[in-house]
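As structure tokens, this is what we get:
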């Protein structure tokens, strides 16, 4: 079920009313209700997906309990290893098996050999990368004795399948989300209003900004050989806008829906395109995934400890694995490696933690230096996004080659003029909310400004939104 679908428009109010007026007082009944509606929400695409998420939840619940009860360190490691092998095994089978098979066939063909290996016709379960990492963090935290194992299976199953963030994050930690299932819920009007604000803002980013750019991006990337340099640059920029509006829009809606149900989810984006260097960008982009890799991969393999050579190695490992996490294609790995190269000069100069504040903090306008820094960082990010968007490395390099091989300018129109007005509105709001976020910024404004903001966003969605049932980009990851 899509957040931007008619079905969800009916589904959410029904869930909200039943949750607060029927199941609110009984914690066990409430959690069971959340589990059922989460499975309905997830199974709306394909009921077969439920079998895998149920198996993943059951196995990690059993192994988490076994880790907690065991007093032998070696046995605890065995249980943890089983959890890691199962989760990564499922992820590898459904997401990466065909990639490895096809890469092996291509490699043997390069040496004049023919490998008789067949690929599998597998459907990639929606959100498998997200809930796999969420359950993995649970068993790892139990092993580290940072949290206690959950004794109530309904609580754990609801934690894994919690409908707002199930299919595209944020990737929540058990220590944050599980206690919220265990306590009594009291309706908080202000939290619910903030949730509605985020849902409205997220829908605007998705159906107006992201989906409005999608058609032009598809046209430019599909016909890059005949596009001018100006349109190739526009395609890269619009894809940067599309993926941010799409993914951060989903996160905002997810956080908003969770707030309607009395839950707090972590912030996943903090206006990343106003970053002054690539390090700041990655502290503000897909925060739940970046911090996951930091805590469960980067630090365990050494982090920033040891020689500079080891720190550089660890940095490349993180970015390459992050790229591979996004998809079974060499383009994602190249994208990850390219971002590691961007990061390297900052790391070697010990400037990777220079910009920890917000740009133009307590000021309306940035300085000229900050404008140049943000522009340079955005250009680097857009260049890397070309590899992320391309269907293959040859597609990406062909697209880039067009910057010096294609005509400089042409007059064909690939996107309507009104879209740029919407983009201007979007950028203005993004700049105004860069310090406190959308909900807090709007809440602190006058009643008149709040109403104007709500009305403007609603009208933009109604008149300029693209309602073609398009999925969110990160569903494929």
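Residue numbers (our numbering): 117 to 593.
The C-beta atom is built at its ideal place from N, Cα and C for all residues, glycine as well.
query, result
"For residue 157, the nearest candidate out of 145, 121, 512 and 192 (CA to CA)", "121"
"Where residue 576 falls, given that 16 or more other Cβ within 10 Å makes a residue buried", "buried"
"Reduced DSSP secondary structure (H/G/I, E/B, other) of residue 416", "coil"
"DSSP three-state assignment for residue 255, whether helix, strand or coil", "helix"
"Straight-line gap, residue 217 to residue 442 (C-alpha atoms, nearest Å)", "18 Å"
"Extent of the continuous alpha helix (DSSP H) run through residue 474", "Taken as a continuous stretch (DSSP letters only), residue 474 belongs to no alpha helix (DSSP H), as it is neither H nor E."
"Buried or exposed (CB count within 10 angstroms, at least 16 for buried), residue 286", "buried"
"With 16 other Cβ atoms within 10 Å as the buried cut-off, status of residue 564", "exposed"
"Contact belief for residue 173 with residue 273 at Cβ below 8 Å, rounded distance in angstroms", "5 Å"
"Per-residue burial, residue 239 [other beta carbons within 10 Å of its own, 16 or more giving buried]", "exposed"
"Closest by C-alpha distance to residue 531, when choosing among 330, 486, 550 and 143", "330"
"CB contact flag (residue 558, residue 569, <9 Å)", "yes"
"Given 8 Å, three or more beta-carbon pairs between the segment 387 to 401 and the segment 414 to 431", "no"
"Candidates 378, 311 and 469, of which the one nearest residue 556 by Cα", "311"
"Environment of residue 425 [buried if 16+ CB atoms lie within 10 Å]", "exposed"
"Residue nearest to residue 248 in terms of C-alpha spacing, selected from 199, 267 and 223", "199"
"Separation of residue 255 from residue 389, as counted between CA atoms", "34 Å"
"When 159, 149, 277 and 202 are compared against residue 175, the one with the closest alpha-carbon", "202"
"Of the listed residues 265, 358, 314 and 289, nearest to residue 502 (C-alpha basis)", "358"
"C-alpha gap between residue 551 and residue 190, whole angstroms", "47 Å"
"Selected residue, minimal CA-CA separation from residue 478, among 515, 489, 484 and 548", "548"
"Nearest-angstrom Cα separation, counted from residue 134 out to residue 420", "49 Å"
"Span of the alpha helix (DSSP H) around residue 489", "484 to 505"
"Cβ pair count under 8 Å reaching 3, the segment 456 to 469 against the segment 509 to 525", "no"
"Helix, strand or coil at residue 372 [DSSP, three-state]", "helix"
"Stretch-stretch touch, CB-based, cutoff 8 Å, three pairs: the segment 257 to 274 with the segment 290 to 301", "yes"
"Residue range of the unbroken alpha helix (DSSP H) whose run includes residue 151", "143 to 159"
"Contact the segment 357 to 377 vs the segment 311 to 323: 3+ CB pairs below 8 Å", "yes"
"Reduced DSSP secondary structure (H/G/I, E/B, other) of residue 121", "coil"
"Backbone CA spacing between residue 510 and residue 326 [nearest angstrom]", "26 Å"
"Neighbour flag for residue 170 against chain C, beta carbons, 9 Å", "Of the chains in the structure shown, none is chain C; there is only one protein chain."
"Residue span of the alpha helix (DSSP H) that contains residue 525, given as start and end", "Premise fails: residue 525 is in no alpha helix (DSSP H) and is neither H nor E."
"Residue 455 - containing alpha helix (DSSP H), residue span", "446 to 464"
"CB of residue 195 within 9 Å of CB of residue 207, strictly", "no"
"Environment of residue 480 [buried if 16+ CB atoms lie within 10 Å]", "exposed"
"Beta-carbon proximity of residue 405 to residue 438, cut-off 9 Å", "yes"
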